[in-house]
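S.K.: Pasting a structure here, questions to come.
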């Protein structure tokens, strides 16, 4: 079968290149399985088929040299299949070398470059591995190699057959096929055979995959040989997909699959976004023209909910299993273990964790770094392990797990762990602060950026290789990395990345006068302004009959005051929290970007998106936000615990509190607004006596007092405060219109921490003084 | 690229003078990408105070840094100009309080003892400009502290 004249040969070559890549991945994966588990006829048969199919495909698209190496590969595997050659490390090495050669040769062939020598070398090596003679001259591969139709019984885990290279001949195909994504579909709603792409999902072909981008095969009835029909060159290409099928044999056989170009799913996601936007406009029309609150209209709510579900499903269609990377990693572990003469077992767990394809692609290199590091520097030599009473074989485990909107991927080893003292010592040469760090902080020095430092750390700890680069690539996908190490027991790196990176559906709200986006997947509900009660010193509100802590978003962010607006219930990994906002704006798709390397990671900020009008919309991070709110909450409680007094329940209690003492109403209210706008809680008193009463009721974090007041003036108040041991550390600022030196001296003598003259008074100076005394976080 | 050039400026070189409050700083012209007039800054809550916010430069999200605070001086209150500099860690904006100008530097009149700076130059009749060491000044570690 030869390519049709209307399609340039290069397109077929590229098509073959993608297909071969998937097959090579499968081949390597199965090979390593073979190495681990010993001779297994099914595996050997499957390996043989892969090699055979590659050979056939290469010949058809005119890659003679690739075909030649594949042929040698096939012959070698044939020897194993016929039990004429055993499985040993030399065999595995030879096959891997052959695979590598093919991987190198294909792009060269696509580029039309000469590669005779490389092909010759690889072929020689494979021939030697057979134990047979090195073939000196075997220029052209037989393009019509005998078809080994005697296919083994098992069709392979994914129903992949590759029976004959005739099947691998490309059918007419749109040029430059787009990347293709294979998405598992939930079984119940059977997809009607509306397009040729799904037509082959023949119900009588269990385990067969419906295959083929549009127009590739035409709506011909499902073949009488479903397995063969499934084996289409457009089928198995995308590297990850082929592997994905392999690592999930059970699922793949139980699920019907379709393949479609990625851009179709992206289009779908975009259209759903547009539909959501239209729905929002419909909501405002309801409100404005019909005076009906859309949230009370059942039909409207149903529509919104359906659209949200649709969006989620569409985003899921871009997902592929994390473990589709496992073959590459297993290979790396295996190669490096052999190179360093260590014995290492590679285990994977978490086959069901899925992640956006684009995100996973960016994780390949960081994970590769981590597993290589684990082999090279984590796992000890067999001898050392024996001396330490450990099993000779080291264990490296890749574990993936979905947690809320993130996937956590752990790479752990049972090796020697990281020597924190040596890391510290190395970093200490350039940074003296390293010596004072506790073990945990010092451990994280291994991620420190800056080449010189990293190199030095690497030199002694042997753990720094590229870890700064790992962290940088994770930043690009808004991921983060943690490390735990137990000397002599092992090391674990944990990567947490958001499941999806494309556009993020967000709820846009205003808080503290600025708009923010909250990813919709972390929004549990939006409630009208809520009453709150204080439980254990923390403001709580009822959501679905359960108490949930509530805070003002602007206060948590430190940008403003509490607000009386609606409450957005945000769900983090393990807990929920309600945030009061000024108002809701709309829902929007935000293309989230990172804030760059120069800005330190801000746990409460996930990133930012550029809006059509050129402004920047910050996207908040649920988990970080909740953590911050809780920290502010608990900080507040510890203040009250020191006081020990009974408290009533002022609503939001997160921010530091200031007691403003002044007999002039205007001044009091002016100061109240200044401090509340800055995110503080404010109480007021009209003179010294009232102030003392208020302080005994609830100790503020700072007192700001006027001098001239009836009953008890500011100096007397300050002295009274300083006279009580429990209040000795309470900061006091005196604010007065008297600028005389004498007054200033008296103020400081009676124990005030600051003395501000009203005539020279400006808002920022006052806030600055308060901030300094409170040792504010920012 | 910024990484390939010498960290400071030198006599005879073109430099951009950046007025910040009552002080003037100098940057080697090749490290400066452009000057943005009245950047539209979005405040970045929970970030270190030296980060004034982020702004949009043709679709890139760029942090705007308080030049004076970076040098350990008192913060400036306004941000009428942002000087875009390229560093090994990405692009950042430095606040300038008046329109920056290009000059050719004369001989250095001495070392500057301020951290993150190199030499001091005489510009005009009685104005001193302190040359900034971009890489030392704009490092993630320095910004987060």
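Protein chains in written order, with this note's numbering: chain A, 608 to 1385; chain B, -3 to 141. Note that beta-carbon positions come from the ideal geometry of N, C-alpha and C, so glycine has one too.
What residues match up with residue 1100/A in a beta bridge as DSSP calls it?
M.R.: Residue 1100/A sits at position 493 when you count from the first residue of the first chain. Note: residue 1100/A sits in a beta bridge opposite 1018/A, 1090/A.
S.K.: To the nearest angstrom, how far is the alpha carbon of residue 689/A from that of residue 663/A?
M.R.: Here the question's residue 689/A lines up with position 82 in the first chain. Here the question's residue 663/A lines up with position 56 in the first chain. In a straight line, the C-alpha of residue 689/A is about 21 Å away from that of residue 663/A.
S.K.: Under 7 Å between beta-carbons, which chain A residues line up against residue 55/B? List them in chain order, please.
M.R.: Numbered from 1 along the second chain, position 59 holds the residue referred to as residue 55/B. Result: 1217.
S.K.: In angstroms, rounded to a whole number, what distance separates the CA positions of residue 987/A and residue 1053/A?
M.R.: Your numbering for residue 987/A matches position 380 in the first chain. Your numbering for residue 1053/A matches position 446 in the first chain. Distance between the alpha carbons of residue 987/A and residue 1053/A: 20 Å.
S.K.: Return the residue from the list 8/B, 127/B, 70/B, 23/B that minimises the CA-CA distance to residue 1375/A.
M.R.: Against the first chain, residue 1375/A aligns to sequence position 768. With distances taken between Cα atoms, residue 1375/A lies closest to 70/B.
S.K.: With 7 Å as the limit, tell me which residues of the stretch 1115 to 1149 of chain A have their beta carbon closer than that to any beta carbon of chain B; keep them in chain order.
M.R.: 1121
S.K.: Can you find a C-beta in chain A that's less than 8 Å from the C-beta of residue 36/B?
M.R.: Within the second chain, numbered from 1, the residue matching residue 36/B stands at position 40. Cβ-Cβ to chain A under 8 Å: yes for residue 36/B.
S.K.: Nearest chain A C-beta to residue 42/B closer than 8 Å, yes or no?
M.R.: The residue labelled residue 42/B in the question sits at position 46 within the second chain. Interface residue, yes.
S.K.: Please classify residue 990/A: does DSSP put it in a helix, a strand, or coil?
M.R.: Working through the first chain from its first residue, we reach residue 990/A at position 383. Here residue 990/A sits in helix by DSSP.
S.K.: Could you tell me whether any Cβ in chain A is nearer than 8 Å to the Cβ of residue 78/B?
M.R.: In the second chain, the residue the question calls residue 78/B occupies position 82. It does not; no Cβ of chain A falls within 8 Å.
S.K.: At what residue ranges does the stretch 916 to 961 of chain A contain a whole run of the beta strand (DSSP E), taking only runs of 3 or more?
M.R.: Counting only runs of 3 or more, we get 926 to 928, 951 to 956.
S.K.: Please check the pair residue 925/A and residue 872/A, which I expect to be a contact at CB under 8 Å, by giving their CB distance rounded to whole angstroms.
M.R.: The count along the first chain starts at 1 and reaches residue 925/A at position 318. The count along the first chain starts at 1 and reaches residue 872/A at position 265. At roughly 6 Å, the Cβ-Cβ gap stays under 8 Å, so residue 925/A and residue 872/A are in contact.
S.K.: Measuring alpha carbon to alpha carbon, tell me which residue in 111/B, 88/B, 104/B is nearest residue 1205/A.
M.R.: For the purposes of this step, residue 1205/A is taken as residue 598 along the first chain, with counting starting at 1. Here the closest residue by C-alpha is 88/B.
S.K.: Kindly indicate if chain A contains any beta-carbon less than 8 Å away from that of residue 24/B.
M.R.: Within the second chain, residue 24/B is the residue found at index 28, counting from 1. Chain A, which has no Cβ nearer than 8 Å to the Cβ of residue 24/B, makes this no.
S.K.: How would you list, in chain order, the residues of chain B whose beta-carbon sits under 7 Å from the beta-carbon of residue 1202/A?
M.R.: As a working mapping, residue 1202/A is identified with position 595 in the first chain. One finds 50, 57, 59 in chain B with Cβ atoms closer than 7 Å to the Cβ of residue 1202/A, taken in chain order.
S.K.: Where residue 983/A and residue 1225/A are concerned, what is the direct C-alpha to C-alpha distance, given to the nearest angstrom?
M.R.: Within the first chain, numbered from 1, the residue matching residue 983/A stands at position 376. Within the first chain, numbered from 1, the residue matching residue 1225/A stands at position 618. So the two alpha carbons sit approximately 41 Å from each other.
S.K.: As an exercise, report each continuous beta strand (DSSP E) stretch of at least 3 residues that is fully enclosed by the stretch 647 to 724 of chain A, in chain order.
M.R.: As far as the stretch 647 to 724 of chain A is concerned, it has no whole beta strand (DSSP E) run of at least 3 residues.
S.K.: Below 7 Å between beta carbons is the criterion; list the residues of the stretch 649 to 678 of chain A that meet it against any residue of chain B, in chain order.
M.R.: none
S.K.: Assuming residue 1114/A and residue 1175/A make a contact with CB atoms under 8 Å, what is their CB distance in whole Å?
M.R.: What you label residue 1114/A is simply residue 507 of the first chain in a count that begins at 1. What you label residue 1175/A is simply residue 568 of the first chain in a count that begins at 1. Right, their Cβ atoms sit about 7 Å apart.
S.K.: Using 8 Å as the threshold, is the C-beta distance between residue 1177/A and residue 1116/A below it?
M.R.: Sequence index remark: in the first chain, residue 1177/A carries index 570 (1-based). Sequence index remark: in the first chain, residue 1116/A carries index 509 (1-based). Against a cut-off of 8 Å, the Cβ pair of residue 1116/A and residue 1177/A comes out as no contact.
S.K.: Starting from the C-beta of residue 657/A, find all residues in its chain whose C-beta is less than 7 Å away, skip the five residues before and the five after it, and write them out in chain order.
M.R.: As a first step, residue 657/A is located in the first chain; it is residue number 50 there, counting from the start. Excluding the 5 residues flanking it on each side, residue 657/A has same chain C-beta neighbours closer than 7 Å at 630, 633, 634, 769, in chain order.
S.K.: Measure the C-alpha to C-alpha separation of residue 833/A and residue 897/A and round it to an integer number of angstroms.
M.R.: Mapped onto the first chain, residue 833/A falls at position 226. Mapped onto the first chain, residue 897/A falls at position 290. Because residue 833/A sits at a pLDDT of 34, beneath the cut-off of 50, its placement in the model cannot be relied upon, and the following sentence gives the value as read from the coordinates. Distance between the alpha carbons of residue 833/A and residue 897/A: 57 Å.
S.K.: Under the DSSP definition of a beta bridge, which residues are partnered with residue 1128/A?
M.R.: Position 521 of the first chain holds residue 1128/A. None, per the DSSP bridge assignment.
S.K.: Just mark residue 838/A as buried or exposed, buried being the case when its beta carbon has 16 or more other beta carbons within 10 Å.
M.R.: For this step, residue 838/A is matched to residue 231 along the first chain. Because residue 838/A carries a pLDDT of 35, less than 50, the predicted location of this residue cannot be relied on, and no value is offered for it.
S.K.: Using a Cβ-Cβ cut-off of 8 Å, state whether residue 32/B counts as contacting chain A.
M.R.: Counting from 1 along the second chain, the entry for residue 32/B is found at position 36. It does not; no Cβ of chain A falls within 8 Å.
S.K.: Quick one: does residue 65/B have its CB under 8 Å from some CB of chain A?
M.R.: In the second chain, the residue the question calls residue 65/B occupies position 69. It does not: the Cβ of residue 65/B has no partner Cβ on chain A nearer than 8 Å.
S.K.: Count the other CB atoms within 10 Å of the CB of residue 705/A; is the residue buried (16 or more) or exposed (fewer)?
M.R.: Position 98 of the first chain, counted from the first residue, corresponds to residue 705/A. Counting Cβ neighbours within 10 Å, residue 705/A comes out buried, since at least 16 surround it.
S.K.: Could you check whether residue 63/B and residue 139/B sit closer than 8 Å to each other, using their CB atoms as the reference points?
M.R.: On the second chain, position 143 is the one that residue 139/B refers to. On the second chain, position 67 is the one that residue 63/B refers to. Taking 8 Å as the Cβ cut-off, residue 139/B and residue 63/B do not qualify as a contacting pair.
S.K.: For residue 918/A, count the other beta carbons within 10 Å of its own beta carbon; 16 or more makes it buried, fewer makes it exposed. Which is it?
M.R.: The count along the first chain starts at 1 and reaches residue 918/A at position 311. Residue 918/A should be labelled buried.
S.K.: Return the chain-ordered list of same chain residues with a C-beta closer than 6 Å to the C-beta of residue 78/B, the five sequence neighbours on each side being excluded.
M.R.: Translated into positions along the second chain, residue 78/B becomes position 82. The residues are 32, 35, 60, 89.
S.K.: Starting from the C-beta of residue 1131/A, find all residues in its chain whose C-beta is less than 8 Å away, skip the five residues before and the five after it, and write them out in chain order.
M.R.: Counting from 1 along the first chain, the entry for residue 1131/A is found at position 524. Closer than 8 Å at Cβ, skipping near neighbours: 1150, 1176, 1177, 1178, 1183.
S.K.: To the nearest angstrom, report how far apart residue 626/A and residue 709/A are at their CA atoms.
M.R.: Within the first chain, the letter at position 19 stands for residue 626/A. Within the first chain, the letter at position 102 stands for residue 709/A. Each residue's Cα considered, the two are about 13 Å apart.
S.K.: Return the Cβ separation of residue 1173/A and residue 1191/A in integer angstroms, given the expectation that the two are a contact with Cβ distance under 8 Å.
M.R.: Here residue 1173/A is taken as the residue at index 566 of the first chain, counted from 1. Here residue 1191/A is taken as the residue at index 584 of the first chain, counted from 1. With a beta-carbon spacing of about 6 Å, residue 1173/A and residue 1191/A fall inside the 8 Å limit used to define contacts.
S.K.: Does any C-beta atom of chain B lie closer than 8 Å to the C-beta of residue 1207/A?
M.R.: Within the first chain, residue 1207/A is the residue found at index 600, counting from 1. Residue 1207/A counts as touching chain B.
S.K.: Determine the burial state of residue 1157/A: buried for a count of at least 16 other Cβ atoms within 10 Å of its Cβ, exposed for fewer.
M.R.: Numbered from 1 along the first chain, position 550 holds the residue referred to as residue 1157/A. Under this definition residue 1157/A is a buried residue.
S.K.: Pull up the CB-CB distance for residue 1302/A and residue 1342/A, whole angstroms please, since I reckon it's below 8 Å.
M.R.: Taking the first residue of the first chain as position 1, residue 1302/A is located at position 695. Taking the first residue of the first chain as position 1, residue 1342/A is located at position 735. About 17 Å separates the beta carbon of residue 1302/A from that of residue 1342/A, a gap too long to meet the 8 Å contact definition.
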